[in-house]
Amino acid sequence: MEISLIRHGKSKHIDNTRITCMEYKRWIEKYDDSGVAEEEIYPAYTIEKVKEANIVVTSHLIRSIESAKLLHSYSNVISDSIYMEIALPTISASLPGVKFTPAIWTVITRCLWFAGYSKQCESLRKVKVRAEEAAHHLISFAKEHNSVVLVGHGFFNLFIGKELRRMGWNSYTKQSKTHWSCTTFFLSDKKSGE
6 MEISLIRHGK SKHIDNTRIT CMEYKRWIEK YDDSGVAEEE IYPAYTIEKV KEANIVVTSH
66 LIRSIESAKL LHSYSNVISD SIYMEIALPT ISASLPGVKF TPAIWTVITR CLWFAGYSKQ
126 CESLRKVKVR AEEAAHHLIS FAKEHNSVVL VGHGFFNLFI GKELRRMGWN SYTKQSKTHW
186 SCTTFFLSDK KSGE
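Here our numbering runs 5 ahead of the position in the sequence shown, where the first position is 1.
In structure tokens form, the structure reads like this:
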């Protein structure tokens, strides 16, 4: 049995203009509503794992679904919101005149999130619970289909990977948040993973 976690491709929404925190909220909405850019070449290992998979799973977000299609996955694809990316908190202060690039706002809001600020998004505790549930779902798919691929999101995939390791699954490589990266987990001993 094996479970491969793949990060979706690069978003078509690439606006890196300095923006306010209020504009950043709209930037995230555009990012979520945009598809992914096609590549000339995809990583060979990622393509191999998608072709070998007996089932492909995605989140319900466009960039995850489109990425699975670009990797030439077949009709046996299941989309589920349990695999969606971890949302970022909203900064409610207007902070007039304060502008950063979206990447800087992402770092700021992610740091706030780790510190316990989770306005209008899941808390860290809830994300850990969801990651554990998602890992159990993937293990069930692996038991039924032997090999499963999740085309998901960089940050949430890390949480799922941590849960898989906690349940006795291992990988030969360290997880990466790079677009199109693939990490394959296998059950290292007789543990059932549940």
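Each residue gets a CB set at the ideal place from its N, CA and C atoms; glycine is no exception. None of the values given here were measured: they were computed from a predicted structure.
Leaving aside the five residues before and after residue i along the sequence, list all residues of the same chain whose C-beta is less than 7 Å from its C-beta, in chain order.
{"i": "I96", "result": "C26 and T114"}
{"i": "A147", "result": "M6, E7, I8 and V153"}
{"i": "D37", "result": "L66"}
{"i": "H150", "result": "N59 and I60"}
{"i": "V3", "result": "The chain is shown from 6 up to 199; residue 3 falls before or after that span and cannot be answered."}
Just curious, the alpha helix (DSSP H) that residue i is in, first and last residue?
{"i": "S69", "result": "I67 to L75"}
{"i": "I144", "result": "L129 to H150"}
Output needed for residue i: all residues of its chain with C-beta closer than 6 Å, excluding positions within five of it in sequence on either side, in chain order.
{"i": "K179", "result": "none"}
{"i": "P48", "result": "W185"}
{"i": "Y190", "result": "For the record, residue 190 in the displayed sequence is Phe; it is not Tyr. Taken in chain order, the residues that qualify are I8, L169, W174 and S176."}
{"i": "E137", "result": "E168"}
Using CA coordinates, which residue listed in the options is at the minimum distance from residue i?
{"i": "K30", "options": "G157, K124 and F160", "result": "K124"}
{"i": "A98", "options": "E28, R12 and V112", "result": "E28"}
{"i": "G40", "options": "A73, Y177 and K17", "result": "K17"}
{"i": "L75", "options": "K104, A42 and L100", "result": "A42"}
{"i": "I81", "options": "E57, L117 and A120", "result": "The displayed chain sequence assigns Asn, not Ile, to residue 81. Selected option, being the one with the closest Cα: E57."}
{"i": "I91", "options": "K54, W118 and P101", "result": "W118"}
Straight-line CA distance for residue i to residue j?
{"i": "T106", "j": "K35", "result": "15 Å"}
{"i": "H158", "j": "S145", "result": "20 Å"}
{"i": "T188", "j": "V132", "result": "20 Å"}
Please list, in chain order, all residues of the same chain as residue i whose beta carbon is under 8 Å from its beta carbon, the five residues on each side excluded.
{"i": "S84", "result": "V62, T63, S64, H65, S69 and I70"}
{"i": "I24", "result": "W32, K104, F105, T106, P107 and W110"}
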